[in-house]
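Residue numbers (the numbering used here): 1091 to 1312.
A virtual CB, placed ideally from N, CA and C, is assigned to each residue, including glycine.
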């Protein structure tokens, strides 16, 4: 029952969210780290483009994106996780909730956002990124751009995917190319904008179905 309850609470909390982008990243990024400012820039840029920002609600890169979103006057969502060493949602979250189960939390992340910006991070960030990539690769979600910010951090991972996974035919070249790598918030936003425009042009009916489903979710939880 706890699992079902978490799904219902998550769906109800975000049913009226509107266009949104997930931002994943490390909880260990200090406020004086250049990566923190990049996170702030990402949050601000997304809000100025008309998106809500959805993070894990924690400190570090997540806090940075929430800060940028809130300072820009936008919707700043935090989907926290109950862990012994977590301190709760960061102060820049305007809409938030905590989850006990990682898989419920990740479902809510992807269900109510239309893409992901991934800042440098560790195991949790990689889990979230590869979850999104798997859903795109298996066509469980469509029109979901994934952009990684920080070429010096992410290029070695993509190179490993090419040299180790692709060379053994464990993935396709298309899987590797689904991860776009950039260095700035503006570049990340440009890719998301480009991907959404291309999706609308290529498959307007499918995009309409996604929006209709979101509308149905709003009605079901109202």
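- In the three-state DSSP reduction, residue 1116 falls in the coil class, being neither helix nor strand.
- Residue nearest to residue 1157 within the set 1183, 1261 and 1141 is 1183 (criterion: CA-CA distance).
- The Cβ neighbour count for residue 1230, taken over all protein chains shown within 10 Å, is under 16; the residue is labelled exposed.
- The residue among 1097, 1255 and 1284 with its C-alpha nearest the C-alpha of residue 1190 is 1097.
- An exposed status is given to residue 1094, since fewer than 16 other beta-carbon atoms sit within 10 Å of its beta-carbon.
- Looking at the DSSP output, residue 1269 sits in a beta bridge with 1236.
- A distance below 7 Å between beta-carbons, with the five flanking residues on each side excluded, links residue 1138 to the following residues of its chain, in chain order: 1162.
- By the C-beta criterion, the stretch 1276 to 1291 is judged not to be in contact with the stretch 1245 to 1256, since fewer than 3 inter-stretch pairs fall below 8 Å.
- The C-beta of residue 1262 has fewer than 16 other C-beta atoms within 10 Å across all chains shown, which makes the residue exposed.
- Counting of Cβ neighbours within 10 angstroms places residue 1213 among the exposed residues, the total staying below 16.
- In this structure, DSSP gives residue 1132 a helical state, which the three-state scheme calls helix.
- Non-local C-beta neighbours of residue 1148 in its own chain, meaning closer than 6 Å and more than five positions away in sequence, comprise 1117, ordered along the chain.
- Annotated three-state conformation of residue 1101 is helix, per DSSP.
- For the stretch 1185 to 1225, the full-length alpha helix (DSSP H) segments reaching 4 residues or more read 1192 to 1201 along the chain.
- For residue 1158, the uninterrupted alpha helix (DSSP H) segment begins and ends at 1151 to 1161.
- Three or more Cβ pairs closer than 8 Å define a contact, and the stretch 1128 to 1143 meets that threshold against the stretch 1104 to 1120.
- Non-local beta-carbon contacts of residue 1222 in its own chain, meaning distances under 7 Å to residues more than five positions away in sequence, involve 1200, 1206, 1234 and 1236 in chain order.
- In the structure shown, residue 1107 adopts coil according to DSSP, grouped into three states.
- Across the structure, residue 1272 and residue 1170 are spaced so that their CA atoms are roughly 27 Å apart.
- For residue 1171, the enclosing beta strand (DSSP E) stretches over residues 1166 to 1171.
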